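What follows is a set of notes on a single structure, which appears directly below.
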C-alpha cells in the first residue's frame, strides 16, 4: 500500500485532486475539495504536513492553469511582479506560524468579509464582466501588493479559499474582469503554494511521492478548468465563482461555529 492507502482510497484522492484542480482553475477554492479529502485520509499525521502535501499536488494544477491563461490572456508583468513577491513573503510567514497559533480569529474576519463580498457580487450582475479602470497604474500595484501579502499570509496559515479571495480582490477592488482576474490569480496562487511547500518541506516534512503522484491528477484538472474558463468567458466564471464562494462561506461557518 502507498503511504498506508488502499487502492480505492488513492483513486478517490486522485478524483478529489482532479476536481479541485478543475474548480480552482475557474474560480479558485479548490482547497475546499482537496484539503478535507487529504485530512480525512491521514487523520494521525501532522495536519500542517498533510496540507503542505496537498499544496504540492495543487502547485501542478495552479501552474498549469497559469500557463494556459498566460497563453491566451495578456496581463501586466509589472502588476504580476508587484503581487507575486509580497504573496510569496506573506505565505512564508503564514507557513512559519501555521503550527504555532490558532487561526480562528483570522478565519472569522475572512468569513464575514466573504459574506459581504458574496452579497455585493450577487446584486451587481455587471461586476467582473469587463475590465474597469478604477485606479491609476501605481495605485493598482500598491493595492495588489497589499492584497497579495495578506492573502498569501492566509494561504500559508490556513489555505482553502485562497484563489477565491484573490478573485475577490482583483474583481471587486481592483476592477478586473473575471477572466483576467483568473489569469492573475493563478500565477499568484502558484507562488503562495510554492512558498508553503518550501517552508513546510524544510521544517516539518512533506509526503513527496504522494504529492507528486496526486499532482498529475491536479494538473489534468487545472488544464481542463482553465480551458473551459477561457472558452466560456467572464459570465461563466462569475456564476462558478458565486457557487464556490457560497460553498466556502458554508465551510468556514461550519468550522467556526458548529465543529
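Residue numbers (our numbering): 43 to 301. Just so it is clear, CB atoms sit at the ideal spot from N, CA and C, and this is done for glycine as well. Note that this is a predicted model, so its numbers are computed, not measured.
Identify the continuous alpha helix (DSSP H) that holds residue i and give its terminal residues.
i: residue 286; result: 276 to 299
i: residue 249; result: No alpha helix (DSSP H) contains residue 249, which DSSP labels as neither H nor E.
i: residue 181; result: 179 to 199
i: residue 209; result: 204 to 210
Just confirm the distance between the C-beta atoms of residue i and residue j, as a whole number of angstroms; I'd bet it's less than 8 angstroms.
i: residue 317; j: residue 194; result: This structure gives no information on residue 317, because the portion of the chain shown stretches from 43 to 301.
i: residue 227; j: residue 205; result: 5 angstroms
i: residue 268; j: residue 67; result: 4 angstroms
i: residue 102; j: residue 257; result: 4 angstroms
i: residue 162; j: residue 214; result: 7 angstroms
i: residue 264; j: residue 136; result: No, residue 264 and residue 136 are not in contact; Cβ-Cβ is about 23 angstroms, not under 8 angstroms.
i: residue 69; j: residue 207; result: Going by Cβ atoms, the distance from residue 69 to residue 207 rounds to 11 angstroms, so no, they are not a contact pair.
i: residue 71; j: residue 222; result: Their Cβ separation, rounded to whole angstroms, is 18 angstroms, which puts residue 71 and residue 222 out of contact at 8 angstroms.
Considering only residues of the same chain and omitting the five flanking positions on each side of residue i, which have a CB-CB separation below 7 angstroms?
i: residue 83; result: 47, 51 and 55
i: residue 185; result: 177, 215 and 216
i: residue 96; result: 76, 77 and 80
If I measure Cβ to Cβ from residue i and keep anything under 6 angstroms in the same chain, skipping five residues before and after, which residues do I get?
i: residue 174; result: 217
i: residue 134; result: 237 and 241
i: residue 59; result: 76, 99, 256, 259 and 260
Excluding the 5 residues flanking residue i on each side, which residues of the same chain have their C-beta closer than 8 angstroms to its C-beta?
i: residue 291; result: 153, 156, 157 and 160
Item to check | Contiguous beta strand (DSSP E) assignments of at least 3 residues, all confined to the segment 54 to 132 | outcome: none
Checklist entry - Three or more C-beta pairs closer than 8 angstroms, one from the segment 117 to 125 and one from the segment 214 to 230: is that the case here? => result yes
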